[in-house]
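Peer 1: The listed protein sequences derive, respectively, from chains A and B.
For the record, in the first sequence the residue sitting at position 13 is 22 according to my numbering, with numbers rising by one throughout.
For the record, in the second sequence the residue sitting at position 95 is 104 according to my numbering, with numbers rising by one throughout.
Number of protein chains: 2
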Amino acid sequence: MQTIEEVLESKDIRVTAMRLLIYKFLAEKEVAVTLTDIESAFAKAERTTLYRTLKTFEEKKIVHQIDDGTGISKYALCEKGCNCEIEQDLHLHFHCNNCNETVCLTEHKIPQIKVPDGFVSENVNLVVKGICDKCSGQ
Amino acid sequence: MQTIEEVLESKDIRVTAMRLLIYKFLAEKEVAVTLTDIESAFAKAERTTLYRTLKTFEEKKIVHQIDDGTGISKYALCEKGCNCEIEQDLHLHFHCNNCNETVCLTEHKIPQIKVPDGFVSENVNLVVKGICDKCSGQ
DNA sequence: GTCAATAATGCACTTCCGTTGCACTAACTA
DNA sequence: TAGTTAGTGCAACGGAAGTGCATTATTGAC
Numbered sequence: 010m011q012t013i014e015e016v017l018e019s020k021d022i023r024v025t026a027m028r029l030l031i032y033k034f035l036a037e038k039e040v041a042v043t044l045t046d047i048e049s050a051f052a053k054a055e056r057t058t059l060y061r062t063l064k065t066f067e068e069k070k071i072v073h074q075i076d077d078g079t080g081i082s083k084y085a086l087c088e089k090g091c092n093c094e095i096e097q098d099l100h101l102h103f104h105c106n107n108c109n110e111t112v113c114l115t116e117h118k119i120p121q122i123k124v125p126d127g128f129v130s131e132n133v134n135l136v137v138k139g140i141c142d143k144c145s146g147q
Numbered sequence: 010m011q012t013i014e015e016v017l018e019s020k021d022i023r024v025t026a027m028r029l030l031i032y033k034f035l036a037e038k039e040v041a042v043t044l045t046d047i048e049s050a051f052a053k054a055e056r057t058t059l060y061r062t063l064k065t066f067e068e069k070k071i072v073h074q075i076d077d078g079t080g081i082s083k084y085a086l087c088e089k090g091c092n093c094e095i096e097q098d099l100h101l102h103f104h105c106n107n108c109n110e111t112v113c114l115t116e117h118k119i120p121q122i123k124v125p126d127g128f129v130s131e132n133v134n135l136v137v138k139g140i141c142d143k144c145s146g147q
């Protein structure tokens with residue numbers, strides 16, 4: 010088991026107290042979080058710092074940004090098996106219309122999508138909306 | 010061929026000059042447009058009016074809103090065959106990373122997506138990103 | 001260890017889009 | 001034609017993303 014420090018260092022991310030905290034926060038959450046979520050969890054931290062930390066994490070591929078259609082960017086840690094760079098490896102996201110939470114369904118890969126001639130597919134964003142397992146009472 | 014007036018009336022939308030113009034504009038565009046697109050096309054019109062007109066059109070199911078991941082809502086006329094209400098009839102959208110335009114691929118239906126037990130799927134948003142036919146030089 | 005270079009952080013501020021409240025005007029109905 | 005209802009225009013708000021700059025922390029060379 011790698012320590013958080015090791016994870017950051019292996020991705021060429023300078024280790025700071027702030028980044029350790031943010032990483033820890035993301036790791037403990039099972040759902041994708043917004044900038045505002047993190048902001049309210051760390052009352053003492055600046056929005057800008059959080060914002061830029063997430064951008065850094067995203068660039069270094071330890072976090073992926075999720076657009077679930079709410080208009081607000083959410084972020085989630087990439088799992089061990091998550092290779093966000095590779096199209097075929099993209100998983101889908103589920104957005105609950107009840108609790109408003111978004112989760113990664115990493116085991117559910119996106120089926121190959123055919124596009125018409127002349128179109129070149131580089132990336133696919135697939136969000137399923139509905140009621141999550143917690144809210145459906147199961 | 011129905012006139013625009015007839016289309017609006019059949020959907021219980023009161024006919025006004027503004028609405029006719031906006032409908033015409035949407036009909037002429039092959040791509041999804043933003044509020045700002047329409048605003049700059051009709052310099053004399055108010056943003057609010059356009060905004061509310063689109064909302065009305067959307068409620069009455071003659072326009073559907075598209076979230077292509079740019080963070081800006083886009084709108085497109087529903088085609089004859091487009092039954093936005095019915096999940097199975099949802100088509101996918103293609104967003105060009107080059108020209109930044111989004112088109113409806115109405116002939117491409119979204120495949121049935123399986124979700125884990127306990128999750129209830131109500132809606133699916135599928136956006137393919139890449140290079141469109143115009144930009145790929147074909 | 002000290003110091004310079006580089007990166008991270010904090011603060012203030014801006015911009016963009018979506019949205020709402022309210023007054024005014026146009027369209028329909030009796 | 002009067003009165004009700006719906007549409008439009010103006011002003012303003014709010015949330016989220018993003019930027020510039022000064023300050024602070026971290027790193028690496030000496």
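Note that beta-carbon positions come from the ideal geometry of N, C-alpha and C, so glycine has one too.
Going along chain A in order, which residues have a C-beta closer than 7 Å to the C-beta of Val-24 of chain B?
Peer 2: Going along chain A, no residue has its Cβ under 7 Å from Val-24 of chain B, so there is no contact; the nearest lies around 31 Å.
Peer 1: Using a Cβ-Cβ cutoff of less than 8 Å, which residues in the same chain neighbour Leu-135 of chain B once the five nearest sequence positions on both sides are dropped?
Peer 2: Leu-99, Leu-101, His-102 and Ile-119
Peer 1: Along chain A, which residues have their Cβ under 8 Å away from the Cβ of Glu-55 of chain B?
Peer 2: Here the premise fails: no neighbours, minimum Cβ distance about 22 Å.
Peer 1: Listed from N- to C-terminal order along the chain, which residues in the segment 124-144 of chain A have their beta-carbon within a distance smaller than 9 Å of any beta-carbon of chain B?
Peer 2: For the segment 124-144 of chain A, the residues whose beta carbon sits under 9 Å from a beta carbon of chain B are, in order, Val-124, Pro-125, Asp-126, Gly-127, Phe-128, Val-129, Ser-130, Glu-131, Asn-132, Val-133, Asn-134, Leu-135, Val-136, Val-137, Lys-138, Gly-139, Ile-140, Cys-141, Asp-142, Lys-143 and Cys-144.
Peer 1: Can you tell me whether Ala-41 of chain B is buried or exposed, with buried defined as 16 or more other CB within 10 angstroms of its CB?
Peer 2: buried
Peer 1: In three-state terms, what does DSSP make of Leu-101 of chain A?
Peer 2: Leu-101 of chain A falls in the strand class under three-state DSSP.
Peer 1: Check the Cβ-Cβ distances between His-73 of chain A and every residue of chain B, and say whether any is below 9 Å.
Peer 2: False, the Cβ-Cβ gap to chain B never drops below 9 Å.
Peer 1: Looking at Thr-65 of chain B: is its Cβ nearer than 9 Å to the Cβ of Ile-13 of chain B?
Peer 2: no
Peer 1: Spell out whether any CB of chain A is found under 9 Å from the CB atom of Asp-76 of chain B.
Peer 2: yes
Peer 1: On the DSSP letters alone, give me the boundaries of the alpha helix (DSSP H) that Ala-36 of chain A sits inside.
Peer 2: 26-37
Peer 1: Taking the C-alpha atoms as reference points, what is the distance between Leu-30 of chain A and Lys-123 of chain A?
Peer 2: 42 Å
Peer 1: Using CA atoms only, rank isn't needed, just tell me which of B:His-117, B:Glu-39 and B:Thr-57 is closest to Tyr-84 of chain B.
Peer 2: B:Glu-39
Peer 1: Can you give me the start and stop residues for the beta strand (DSSP E) that Lys-83 of chain A sits inside?
Peer 2: First-last of the beta strand (DSSP E) with Lys-83 of chain A: 82-86.
Peer 1: Between Tyr-60 of chain B and Glu-18 of chain A, what straight-line distance do the alpha-carbon atoms span, to the nearest angstrom?
Peer 2: C-alpha of Tyr-60 of chain B to C-alpha of Glu-18 of chain A: approximately 48 Å in a straight line.
Peer 1: Does DSSP put Thr-62 of chain A in a helix, a strand or coil?
Peer 2: Thr-62 of chain A carries a helical assignment under DSSP once its states are collapsed to helix, strand and coil.
Peer 1: Quick check on the DSSP output: the beta strand (DSSP E) that includes Asp-150 of chain A runs from which residue to which?
Peer 2: The structure shown does not extend to residue 150 of chain A, since chain A is modelled only from 10 to 147, so the question has no answer here.
Peer 1: Contact check, Gly-78 of chain A vs Asn-106 of chain A under 8 Å by CB: the rounded distance?
Peer 2: Wrong, their Cβ atoms sit about 10 Å apart, outside the cutoff.
Peer 1: Of all the CB atoms in chain A, is at least one closer than 9 Å to the CB of His-100 of chain B?
Peer 2: no
Peer 1: I need the boundaries of the beta strand (DSSP E) containing Ile-140 of chain B, first residue and last residue.
Peer 2: 129-140
Peer 1: Check this for me: beta carbons of Phe-128 of chain A and Val-133 of chain B, under 9 Å apart or not?
Peer 2: no
Peer 1: Which chain A residues sit within Cβ distance under 7 Å of Phe-103 of chain B?
Peer 2: Val-124 and Phe-128
Peer 1: At the 9 Å Cβ level, is Glu-39 of chain A part of the contact set with chain B, yes or no?
Peer 2: no
Peer 1: Let's see if you can read the secondary structure: which residues bound the beta strand (DSSP E) around Glu-55 of chain A?
Peer 2: Glu-55 of chain A -> no beta strand (DSSP E), and no H or E assigned at all.
Peer 1: Under the assumption that Met-27 of chain A contacts Thr-58 of chain A (Cβ atoms under 8 Å), give the Cβ distance between them as a whole number of angstroms.
Peer 2: 6 Å
Peer 1: Put Val-16 of chain B into one of helix, strand or coil per three-state DSSP.
Peer 2: helix
Peer 1: Comparing the CB of Tyr-60 of chain A with every heavy atom of the ligand FMN, is any distance shorter than 8 Å?
Peer 2: This structure simply doesn't include the ligand FMN, nor any ligand for that matter.
Peer 1: For the candidate residues B:Tyr-32, B:Lys-70, B:Leu-86 and B:His-117, whose alpha-carbon lies nearest to that of Asp-126 of chain A?
Peer 2: Out of B:Tyr-32, B:Lys-70, B:Leu-86 and B:His-117, B:His-117 has the C-alpha closest to the C-alpha of Asp-126 of chain A.
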